[in-house]
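S.K.:
In this note's numbering, the protein residues as written are 2 to 227.
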């Protein structure tokens, strides 16, 4: 039985993973996150489980979206959330909390019969793939042609991020100029990208280089999908 076979962003939708809001967490500040937030963001200086009211509103929106898709005869799968409020660590760093599993398109890149776990640049998202493992395992068992791949797991050490990227006193205009000049927070030490930075046009892939992706990530994809 063929389950995984998706080449672009516009064919009729038949089967899709929709994220869930349960256990969503506000992550602590970390090198990759800081440039994405404005100084007046409510996320700065606080972390922990998202407010119950916010989670409930998100659940209603996602569940209504699922109802619409099902009314169009689209098959729906959902990830299995883990406790995203837990402190996580590797031999290189410790992070007091994770993120959530609302945006599957960030985590998994599907090209044809292959589902690829992306090497994301946020420490708070290092273990996010675990929420999708039950689905990947199921697809792998049921579809003999499904390819289950993972990009090299990044270490995300301090060398992954540019030092003093946002110096004290930097203006909003100076921040925008950095973006205009393609001067992003990530170094080129290891391949990094969110799956959502890749648009699929059949066998042609378009890659967006920004705060969550680097050129080494582009190079890795070129070699992986020659």
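C-beta atoms are modelled at their ideal positions from N, C-alpha and C, and glycine is treated no differently.
Only a predicted model underlies this, so the values are computations on that prediction, with no experimental measurement involved.
Can you tell me which of the three DSSP states residue 221 falls into?
M.R.: Here residue 221 sits in helix by DSSP.
S.K.: Give the list of continuous beta strand (DSSP E) stretches no shorter than 3 residues that lie fully inside the region 124-158.
M.R.: Complete beta strand (DSSP E) runs here, min 3: 148-151.
S.K.: Using CA coordinates, which residue listed in 82, 189, 90, 185 is at the minimum distance from residue 211?
M.R.: For the residues 82, 189, 90, 185, the minimum Cα distance to residue 211 belongs to 185.
S.K.: Which residue wins for smallest C-alpha separation from residue 179, given the options 163, 192, 48?
M.R.: Ranking the options by Cα distance to residue 179, first place goes to 163.
S.K.: Could you check which residue in 120, 77, 21, 85 has the C-alpha nearest to that of residue 221?
M.R.: Ranking 120, 77, 21, 85 by Cα distance to residue 221 puts 120 first.
S.K.: How big is the Cα-Cα spacing for residue 135 and residue 126?
M.R.: Going by the C-alpha atoms only, they are around 17 Å apart.
S.K.: Closest to residue 159 by C-alpha separation, out of 61, 122, 195, 146, would be which residue?
M.R.: Selected option, being the one with the closest Cα: 122.
S.K.: Taking Cβ positions, are residue 2 and residue 143 nearer each other than 7 Å?
M.R.: Yes, the pair counts as a contact, with Cβ atoms nearer than the cut-off.
S.K.: According to the Cβ coordinates, are residue 70 and residue 196 closer than 7 Å?
M.R.: It is not a contact, given that the beta carbons lie outside the stated cut-off.
S.K.: Measuring straight from C-alpha to C-alpha, what distance separates residue 58 and residue 107?
M.R.: Approximately 21 Å, taken between the alpha carbons.
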